[in-house]
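Colleague: Structure incoming, see below.
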Amino acid sequence: MSALAWPDAAALPRLFAGLPRDGSQLGLDRHLSLHGPQPSAAGLIELLEASGLTGRGGAGFPAGRKLAAVRSARRRPVVVANGAEGEPVSFKDKALLRRAPHLVLDGAALAAAAVGAREAFVTVDRRAREELESVSYALEERRARRLDKGVRLRLVPVPAGFVTGEETALVSVLNGGAAKPAFTPPRPYERGVGGAPTLVQNVETLAHVALIARLGPDWFRAAGTADEPGSALFTVSGAVHRPGVYEAALGTPFPALLAQAGGVRGEASALLVGGYFGSWVDARHVEGLSLLGSDLATVGASLGAGAVVVLPRAACGLDQAARVARYLADESAGQCGPCVHGLAALAGALEGLVRGGPDTRGRTVRWLEQIHGRGACRHPDGAVRFVRSSLEVFADEVELHLHGRCSGRRGEFLPTGRVA
Ligand SMILES: Cc1cc2nc3c(=O)[nH]c(=O)nc-3n(C[C@H](O)[C@H](O)[C@H](O)COP(=O)(O)O)c2cc1C
Ligand code: SF4
Numbered sequence: 058m059s060a061l062a063w064p065d066a067a068a069l070p071r072l073f074a075g076l077p078r079d080g081s082q083l084g085l086d087r088h089l090s091l092h093g094p095q096p097s098a099a100g101l102i103e104l105l106e107a108s109g110l111t112g113r114g115g116a117g118f119p120a121g122r123k124l125a126a127v128r129s130a131r132r133r134p135v136v137v138a139n140g141a142e143g144e145p146v147s148f149k150d151k152a153l154l155r156r157a158p159h160l161v162l163d164g165a166a167l168a169a170a171a172v173g174a175r176e177a178f179v180t181v182d183r184r185a186r187e188e189l190e191s192v193s194y195a196l197e198e199r200r201a202r203r204l205d206k207g208v209r210l211r212l213v214p215v216p217a218g219f220v221t222g223e224e225t226a227l228v229s230v231l232n233g234g235a236a237k238p239a240f241t242p243p244r245p246y247e248r249g250v251g252g253a254p255t256l257v258q259n260v261e262t263l264a265h266v267a268l269i270a271r272l273g274p275d276w277f278r279a280a281g282t283a284d285e286p287g288s289a290l291f292t293v294s295g296a297v298h299r300p301g302v303y304e305a306a307l308g309t310p311f312p313a314l315l316a317q318a319g320g321v322r323g324e325a326s327a328l329l330v331g332g333y334f335g336s337w338v339d340a341r342h343v344e345g346l347s348l349l350g351s352d353l354a355t356v357g358a359s360l361g362a363g364a365v366v367v368l369p370r371a372a373c374g375l376d377q378a379a380r381v382a383r384y385l386a387d388e389s390a391g392q393c394g395p396c397v398h399g400l401a402a403l404a405g406a407l408e409g410l411v412r413g414g415p416d417t418r419g420r421t422v423r424w425l426e427q428i429h430g431r432g433a434c435r436h437p438d439g440a441v442r443f444v445r446s447s448l449e450v451f452a453d454e455v456e457l458h459l460h461g462r463c464s465g466r467r468g469e470f471l472p473t474g475r476v477a
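According to the working numbering, the sequence shown is numbered sequentially starting from 58.
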């Protein structure tokens, strides 16, 4: 491992270091002069385990442990870099693929070498034209330079959709099937692409792998906390002055992330933390929170894939919740009864409350319990978390609606399709 001199180990940005000001990608020459040559993958899994890196695709599983499981499989494995990013309020993976594709490709090649794979698929939403072009160009640069010996990196455009990025759905697409999750077991790490053990890792996770391989676990741990080390990318949108993708150390005070995004525009009523599988946090509680799973858990939230939306007081939270619930119901892959019927019923219940009644809250809460854990994938669980938190955080708004009133404006604020 080459240990580069990094002036201040805790300094940020890390993944976004040295990006050209004109918004273009960090080309291969600049990438190599900034981050150093492509390192060896020897000992990488141990380095990752020591670093404490967890997956940045939403579930937060320890990366080193997943690589170790795939390495110990009996067949030659395959690697999948998950850049599907179907979440409408998340753009961090697209930003990374567009601006720093070589970090992702380094990470994919290193992970492949570490687990003994000869093939790595980089999956990108097929509508994401700029990201596809950026990765394609980066792959050309690497081929011309004869990097990635022993590993074939392939770019694969995948269908758009909220559940496409679920790992078994992605495997299905790579196997020539539909973008629908599969019943497990087997999980991809046991049997995935072409029946081979498959390491599915979010593209941001792989970008961190590329830096940890060069700079080591102590460097990674210089940012963040002992239990939740490192930095992460956050997509901040809604009522802020500069919506965008920002890198922050875990443990950063929440208001400091909002300050990076130019601060809250006007008055906020709540923040949606963790995207459409996430939870609402009352704006009054944000002051004392930090970007840590343990801290957010105290208000029933989690970081997920780092998407944060600031809801302005002028928008009716209940109306937004009903729209997102309908979107999640429509995005169901349509194969499990509790997901298909349950999510449609939850959306219908919220829409009924928006219209002013009848009061179906008791029945809706019972449905939440019945739907949770009943799908082949975790799509219904995410939707249940979102609806439960909507009923809790917008309880006053529900009361108002049941009395024929509303405190805000209605209409699309939270996007329910591609917005970039
Ligand atoms: C409905 C659904 C959608 C998902 N979409 C994505 C996605 O777009 N990108 C992603 O990296 N992970 C997504 N995931 C999580 C993946 O299944 C998987 O956990 C992840 O890619 C593993 O990578 P990581 O450990 O590096 O986070 C999704 C999960 C679910 C249940
Ligand atoms: S739980 Fe829903 S999204 Fe997941 S596989 Fe079943 S129907 Fe599809």
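Just so you know, even glycine gets a beta-carbon here, dropped at the ideal spot from N, CA and C.
Taking Cβ to Cβ, would you say L348 is nearer than 7 Å to L307?
Modeller: Yes, these two residues count as a Cβ contact at 7 Å.
Colleague: Determine the DSSP secondary structure at R203, reduced to helix, strand or coil.
Modeller: Note: R203 maps to coil in three-state DSSP.
Colleague: Using only alpha-carbon positions, find the residue among A440, R431, S447 that is nearest to R481.
Modeller: Because the chain here runs from 58 to 477, residue 481 falls outside it and cannot be looked at.
Colleague: Buried or exposed, going by whether 16 or more other CB atoms sit within 10 Å of the CB of P158?
Modeller: Flag for P158 reads buried.
Colleague: So what does DSSP say about R467, is it helix, strand or coil?
Modeller: Note: R467 maps to coil in three-state DSSP.
Colleague: At 3 residues or longer, what runs of the beta strand (DSSP E) sit wholly inside the segment 158-218?
Modeller: Within the segment 158-218, the complete beta strand (DSSP E) runs of at least 3 residues are 176-182, 209-215.
Colleague: Threshold first: 4 residues or longer. Then list the alpha helix (DSSP H) segments lying entirely within the segment 244-273, N to C.
Modeller: Here no run is fully enclosed.
Colleague: Please state the DSSP three-state secondary structure of T417.
Modeller: T417: coil per DSSP, three-state reduction.
Colleague: Ordered along the chain, which non-local residues of its own chain (more than five positions away) have a Cβ less than 6 Å from that of R248?
Modeller: Same-chain partners within the cutoff: there are none.
Colleague: Using 8 Å for Cβ pairs, my map puts A440 next to G374. What's the rounded Cβ distance?
Modeller: About 17 Å separates the two Cβ atoms, so there is no contact after all.
Colleague: Quick check on this structure: which residue in G414, V397, G413 has the alpha carbon closest to the alpha carbon of W424?
Modeller: Closest option to W424, Cα to Cα, is V397.
Colleague: Based on Cα-Cα distance, which residue from A270, L204, R209 lies nearest to L85?
Modeller: Nearest option by C-alpha distance: L204.
Colleague: Quick test of your reading: R211 and V179, contact by CB under 8 Å. State the CB separation rounded to the nearest angstrom.
Modeller: Right, their Cβ atoms sit about 7 Å apart.
Colleague: Three or more beta-carbon pairs under 8 Å between the segment 318-337 and the segment 182-195, yes or no?
Modeller: The segment 318-337 vs the segment 182-195: no contact.
Colleague: Do T262 and ligand 1 come close, with the Cβ less than 6 Å from some heavy atom?
Modeller: Yes, the Cβ of T262 comes within 6 Å of a heavy atom of ligand 1.
Colleague: According to DSSP, simplified to helix, strand and coil, what is S294?
Modeller: Strand at S294.
Colleague: Nearest CA to the CA of Q390: which residue from V257, E197, F219?
Modeller: Sequence inspection shows Ala at residue 390; the Gln mentioned does not correspond to that position. The residue with the shortest Cα to Cα distance from A390 is F219.
Colleague: For the alpha helix (DSSP H) that contains E456, what are its first and last residues?
Modeller: Taken as a continuous stretch (DSSP letters only), the alpha helix (DSSP H) holding E456 covers 452-459.
Colleague: Using only alpha-carbon positions, find the residue among G143, R132, K206, D182 that is nearest to A165.
Modeller: Selected option, being the one with the closest Cα: K206.
Colleague: If we ignore side chains and look at the alpha-carbon of each, how far apart do E408 and A379 end up?
Modeller: Their backbone Cα atoms lie some 5 Å apart in a straight line.
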